[in-house]
Ligand SMILES: [Zn+2]
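In the numbering used here, the protein residues as written are 28 to 364.
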């Protein structure tokens, strides 16, 4: 790989609904994804859309009795085919709790009992990976090679690694180095992962292996102080949430203990994000790591806003990157490292 003094921007987004009150496909996916496509076209960049295929399968499951869901599933497929045809990457993103989620009076009744893939049997895990992969591959012009675990819950990787390899998926992008979530259901631990843009591994993305069969394309970490969480709380209390993200759904509120921990705790590591609230941290990322040459900013169409798209554009300008690439394309630079 030739030395690129200007650096690289990797953009990825989780193409999914909200998991509490889902919101609409139109507002959470179709419209904001178009805004991202406009952005990347203007900037001459390519990016990765990690598609929550469980959502699409759930729409399909109910399509026969709900014509609206059939139309939404078709609109999603049409958009994803267009995204792929435009040279962007479609990556696999599995939120397995869709398997236990049912439609109730026109609303998705989410169950988070089995939030992580490792909460399913070995046979179910293989079946879920194969089924979701086949659905996505049918929409993609290119071989699907990249994966992001729902909620960053990539471990235990040995439960999925052999099947991913068999399907041709050799790139993971579920790690934000330095992050950890203590939660019996949704927990993960990437606190020991190296703060590198990418590395090779075999058994676990937490353990780099120079000749490993897989490549981790990490999401850029950023240390966030308490001031950020106090600012968000203040916005909430004063009713000035500010950004009004494009998506019309609602996430499940975090627990009271976690709120207190964030407000009173030490600085913590978060992912570099183009989402409405977190995008205010983008300028800080540049100041915090001026020598960084590869930036991986992630986000969600549902959580984008006018101001966060502007901040992303400002960030791309300020970071002075030479190109914007997909997760899969960036991984190919990491071969042999
Ligand atoms: Zn997700």
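Backbone N, C-alpha and C fix where the C-beta goes; we use that ideal spot for every residue, glycine too.
- When only Cα atoms are considered, residue 358 and residue 114 end up about 16 angstroms apart.
- Look at residue 50: its beta carbon is at least 7 angstroms from all of the heavy atoms in ligand 1.
- In the three-state scheme derived from DSSP, where H, G and I count as helix and E and B as strand, residue 312 is classed as helix.
- Pairing residue 196 with residue 313 gives a Cβ-Cβ distance that is not under 8 angstroms.
- Under the three-state reduction of DSSP, residue 74 is assigned to coil, being neither helix nor strand.
- Where residue 57 is concerned, there is no enclosing alpha helix (DSSP H), because DSSP gives it neither an H nor an E.
- A heavy atom of ligand 1 is found nearer than 7 angstroms to the CB of residue 120.
- Exclusion of the five residues before and after residue 213 leaves 142 and 178 as the residues of its chain whose Cβ lies within less than 6 angstroms of its Cβ.
- The DSSP-derived three-state label of residue 351 is strand.
- Bounds of any beta strand (DSSP E) do not take in residue 303, whose DSSP letter is neither H nor E.
- Here the alpha carbon of residue 163 sits roughly 17 angstroms from the alpha carbon of residue 353.
- Scanning 88, 250 and 58 for the CA closest to the CA of residue 311 turns up 250.
- Taking non-hydrogen atoms of ligand 1 into account, the C-beta of residue 43 is found less than 7 angstroms away from one of them.
- Taking every protein chain shown into account, the CB of residue 103 has 16 or more other CB atoms within 10 angstroms, so this residue is buried.
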